[in-house]
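Numbering (full-length UniProt numbering), first residue to last: 1 to 740. C-beta atoms are modelled at their ideal positions from N, C-alpha and C, and glycine is treated no differently.
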């Protein structure tokens with residue numbers, strides 16, 4: 001048709017329906033589940049406005065609405081025939097026949113289906129996203145009799161539920177609209193699952209009433225963090241109030257159906273909903289949560305008599321001030337399996353965050369280290385490298401990434417070393433051209449591309465990277481004749497709109513970039529770029545072009561990370577702390593093939609015990625002192641010398657993430673990075689060792705572990721015949737009945 005495929009790809013909008021790692025992980029998981037032939041569905045909300053578009057104006061982040069549906073979405077199909085009602089507010093009436101939730105407000109959930117194709121196996125699964133619609137008699141039934149126009153305009157109130165994604169990553173904001181969103185997706189999804197169960201042969205009815213005994217054998221529901229935790233009381237409500245099952249039977253089925261994945265240990269990220277809000281919005285669910293809690297605490301009291309503190313610690317309800325529901329506790333009690341997302345994280349979950357629960361039921365707690373789909377994160381984004389690998393080890397690695405270990409045979413192959421370096425160089429040139437077009441700065445493509453892209457958060461320590469940039473800048477100016485390994489430092493990511501410190505960090509990086517990039521003494525030795533509007537489509541461009549991947553969170557704070565894996569697979573080397581999946585990356589590749597630095601979890605714990613004193617590091621380290629003094633004095637903000645006072649004040653007096661404590665080790669480690677980069681061959685050999693060790697981090701491996709250990713389903717590698725080939729009616733059955 002004379003159309004350019006790359007041009008078309010540029011036009012298509014990202015479906016930015018998540019915040020960061022959590023939403024992207026779900027997308028990788030859907031790809032793997034389809035590729036492994038699992039009968040699986042992904043459920044979520046069809047937000048009209050996804051994660052905001054980030055503009056940088058005068059160095060500050062400015063948010064714009066992400067009107068991603070403006071030109072329509074060709075991949076989705078509305079399914080009005082499966083529309084379902086969701087209830088809010090109202091009151092509960094108790095009678096001899098049981099509890100009744102009445103006088104509710106109804107919102108309709110309209111599903112939109114998006115196909116999820118497996119890789120070359122003719123399997124196509126479904127992602128079903130719910131959109132909120134007002135019923136046609138909304139506000140026209142009872143009151144509002146005369147004001148027809150206003151009643152129609154008020155339909156927006158109901159439809160606002162699916163209007164916009166809350167843009168917080170690793171932070172809980174207890175807003176009523178957010179709780180409505182969480183219950184909306186849960187209530188629609190559970191009705192859909194039960195409708196499908198009843199329609200299948202498993203729900204065959206002897207009497208009028210469905211027998212639910214086989215429900216957990218046919219349905220597995222994985223809770224992606226606590227955001228869908230209301231599914232637990234909702235399924236109980238359906239079983240007890242609607243299907244009239246006895247409580248104990250309903251609770252057994254519920255626990256066997258649900259499993260919970262924890263994604264963070266930061267206390268400010270844990271969902272704790274005020275009881276008053278839940279009582280107003282979902283009165284029956286609050287009663288059910290109270291009943292679950294009562295039985296849970298009775299059980300613990302029987303095991304640990306007179307241990308009131310344990311009861312307080314393990315309760316689903318937190319007393320003191322406003323009473324709150326601890327959603328993580330609800331998920332643990334209501335699930336048969338609980339997992340963290342990297343070995344170190346799962347250990348912290350077991351021994352620190354939920355130690356009382358793990359002591360009670362150790363067998364419930366598991367690890368499932370995260371992974372990424374090699375289809376998007378290698379084949380699609382880095383065809384040059386994917387092809388080069390295929391030439392050496394064949395094409396099967398795309399479905400079995402563990403085969404990358406075969407690349408170890410070529411680590412000393414001079415031709416292969418040169419070709420790997422050449423692919424990286426081509427990717428860098430292409431990305432440099434993109435940067436020059438978008439940012440009007442001249443990029444040296446032979447400089448080291450040092451990349452730090454992820455959500456902006458204090459725990460991810462973009463500030464530490466910033467201090468290193470200032471340190472490099474000062475070293476160049478102190479001794480301009482000295483050999484300096486040229487770097488292009490690229491930092492990108494969005495800050496939650498209400499997160500003041502994160503926005504100040506963005507402004508600081510841009511202020512430093514302004515000075516560094518315009519200093520003639522620096523020239524092309526050091527360039528700093530803040531990548532605007534970091535998102536999946538931009539990650540696909542920057543990751544293949546990266547030399548050095550920055551994974552520098554304080555040990556014990558990054559549950560897993562998945563960007564780290566994407567960089568490893570695409571031929572970047574990692575500078576990082578022993579945190580999250582970095583630990584397992586070092587285990588797979590050998591610690592000597594990563595640039596590991598800084599405190600381990602034990603060191604952080606010990607420093608907390610002693611008390612962290614930032615001033616000590618400032619006094620002891622002249623280069624740190626110089627950098628901090630420059631920020632403080634207005635060297636990077638001459639028009640507003642006090643602009644960064646809040647940042648400085650935080651670093652000295654309430655830095656929970658101990659930037660100064662790791663600064664010296666970080667800078668020294670960065671010197672080792674520069675030294676190796678001078679030896680292109682040694683660098684590329686280390687790159688090859690990393691790629692060869694990246695196989696573990698395929699989401700296919702992760703999903704196989706969920707399937708085996710939690711969902712109890714068998715992956716199938718049967719290639720379904722394509723639709724144009726006739727198939728035997730006998731073969732028309734799905735091999736695994738269970739839907740995850």
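Distance, residue j Cα to residue i Cα
{"i": "residue 260", "j": "residue 225", "result": "7 Å"}
{"i": "residue 228", "j": "residue 89", "result": "18 Å"}
{"i": "residue 11", "j": "residue 512", "result": "33 Å"}
{"i": "residue 531", "j": "residue 509", "result": "11 Å"}
{"i": "residue 563", "j": "residue 468", "result": "21 Å"}
{"i": "residue 73", "j": "residue 67", "result": "11 Å"}
{"i": "residue 588", "j": "residue 694", "result": "7 Å"}
{"i": "residue 270", "j": "residue 400", "result": "35 Å"}
{"i": "residue 561", "j": "residue 581", "result": "6 Å"}
{"i": "residue 504", "j": "residue 659", "result": "16 Å"}
{"i": "residue 725", "j": "residue 122", "result": "12 Å"}
{"i": "residue 127", "j": "residue 29", "result": "11 Å"}
{"i": "residue 461", "j": "residue 627", "result": "16 Å"}
{"i": "residue 390", "j": "residue 409", "result": "14 Å"}
{"i": "residue 242", "j": "residue 210", "result": "11 Å"}
{"i": "residue 178", "j": "residue 83", "result": "21 Å"}
{"i": "residue 541", "j": "residue 149", "result": "49 Å"}
{"i": "residue 430", "j": "residue 691", "result": "21 Å"}
{"i": "residue 559", "j": "residue 448", "result": "28 Å"}
{"i": "residue 557", "j": "residue 565", "result": "17 Å"}
{"i": "residue 395", "j": "residue 715", "result": "20 Å"}
{"i": "residue 735", "j": "residue 717", "result": "With a pLDDT of only 43 at residue 735, under the threshold of 50, the placement of this residue in the model should not be trusted; the figure read from the coordinates follows. For residue 735 and residue 717, the distance between alpha carbons rounds to 11 Å."}
{"i": "residue 223", "j": "residue 644", "result": "40 Å"}
{"i": "residue 196", "j": "residue 251", "result": "21 Å"}
Check whether residue i and residue j have beta carbons under 8 Å apart
{"i": "residue 101", "j": "residue 87", "result": "yes"}
{"i": "residue 194", "j": "residue 238", "result": "yes"}
{"i": "residue 356", "j": "residue 314", "result": "yes"}
{"i": "residue 427", "j": "residue 493", "result": "no"}
{"i": "residue 49", "j": "residue 27", "result": "no"}
{"i": "residue 165", "j": "residue 41", "result": "no"}
{"i": "residue 341", "j": "residue 332", "result": "no"}
{"i": "residue 283", "j": "residue 324", "result": "no"}
{"i": "residue 607", "j": "residue 617", "result": "no"}
{"i": "residue 365", "j": "residue 353", "result": "no"}
{"i": "residue 119", "j": "residue 77", "result": "no"}
{"i": "residue 233", "j": "residue 300", "result": "no"}
{"i": "residue 464", "j": "residue 662", "result": "yes"}
Counterpart residues of residue i in DSSP-defined beta bridges
{"i": "residue 459", "result": "None; residue 459 has no bridge partner."}
{"i": "residue 448", "result": "487"}
{"i": "residue 464", "result": "Answer is none; residue 464 lacks a bridge partner."}
{"i": "residue 125", "result": "116"}
{"i": "residue 60", "result": "57"}
{"i": "residue 575", "result": "550 and 595"}
{"i": "residue 260", "result": "223 and 338"}
{"i": "residue 110", "result": "131"}
{"i": "residue 453", "result": "492"}
{"i": "residue 101", "result": "92"}
Presumed contact (8 Å Cβ cut-off) between residue i and residue j, rounded CB distance
{"i": "residue 184", "j": "residue 221", "result": "Not confirmed; about 16 Å, so no contact."}
{"i": "residue 407", "j": "residue 45", "result": "In fact, because the Cβ distance is near 41 Å, the residues do not count as touching under 8 Å."}
{"i": "residue 159", "j": "residue 132", "result": "5 Å"}
{"i": "residue 249", "j": "residue 334", "result": "Incorrect: roughly 15 Å between the Cβ atoms, too far for contact."}
{"i": "residue 527", "j": "residue 517", "result": "6 Å"}
{"i": "residue 535", "j": "residue 16", "result": "6 Å"}
{"i": "residue 455", "j": "residue 169", "result": "4 Å"}
{"i": "residue 368", "j": "residue 706", "result": "6 Å"}
{"i": "residue 489", "j": "residue 450", "result": "5 Å"}
Exposed unless 16 or more other CB atoms sit within 10 angstroms - verdict on residue i
{"i": "residue 585", "result": "buried"}
{"i": "residue 525", "result": "buried"}
{"i": "residue 398", "result": "buried"}
{"i": "residue 596", "result": "buried"}
{"i": "residue 820", "result": "Lying outside 1 to 740, the shown extent of the chain, residue 820 is not represented and no answer is given."}
{"i": "residue 257", "result": "buried"}
{"i": "residue 453", "result": "buried"}
{"i": "residue 176", "result": "exposed"}
{"i": "residue 136", "result": "exposed"}
{"i": "residue 18", "result": "buried"}
{"i": "residue 31", "result": "buried"}
{"i": "residue 673", "result": "buried"}
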